[in-house]
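Engineer: Structure in structure tokens, see below.
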Amino acid sequence: MADGGSPPGPRPFRVLGCSTCRHADAPCRPGLAFLNRLCQALALAPVGADFDISGSASLCCGARLCPVVWCATPEGARLWGDVAPDVPVAALRDPGPDAPVQAAAEIVTGPGTLH
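First residue of the sequence shown: 170, per the working numbering; consecutive thereafter.
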């Protein structure tokens, strides 16, 4: 690096939880691939402990596009499938049984190796 330092060491991630998508009746492979790329990018990025980013995307899930909402920190990433892009991440983190928004699938990553 230009300042004489070295890039941060890799911070590998692993899947901590992955619900079965109610549309595919299987884990969300496009969601897992998305989080894999996101976590690889985070592992290379020199981010601070307070780093937090979130967004939305449309993933190709077979013959349909599936809207997803995601968030990532240095500690891991989460993705919720079949959720409108304007749904706030805070409403998805701890939804409770009577929440107005229920994701079709949820994937959670954390420290370790993402497979």
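Where is the CB? At the ideal position from N, CA and C, for every residue including glycine.
Tell me which same chain residues have a C-beta within less than 8 Å of the C-beta of L211, skipping the five on either side of it?
Structural biologist: Hits under 8 Å: R180, F182, A241, P243, A246.
Engineer: Does the Cβ of A259 have 16 or more other Cβ atoms within 10 Å, making it buried, or fewer, making it exposed?
Structural biologist: The residue in question, A259, is exposed, as its Cβ has fewer than 16 Cβ neighbours within 10 Å.
Engineer: Do you know whose CA, among L248, V252, C230, lies nearest D194's CA?
Structural biologist: The option with the nearest alpha carbon to D194 is C230.
Engineer: Would you report the Cα separation of F220 and A214, rounded to the nearest angstrom?
Structural biologist: Spanning the two alpha carbons is a distance of roughly 11 Å.
Engineer: Quick check on this structure: which residue in F203, S227, R206 has the alpha carbon closest to the alpha carbon of D255?
Structural biologist: Closest option to D255, Cα to Cα, is S227.
Engineer: For P196, which three-state DSSP category applies?
Structural biologist: P196 falls in the strand class under three-state DSSP.
Engineer: Taking the alpha-carbon positions, what's the L234 to S188 distance?
Structural biologist: One C-alpha to the other measures close to 19 Å.
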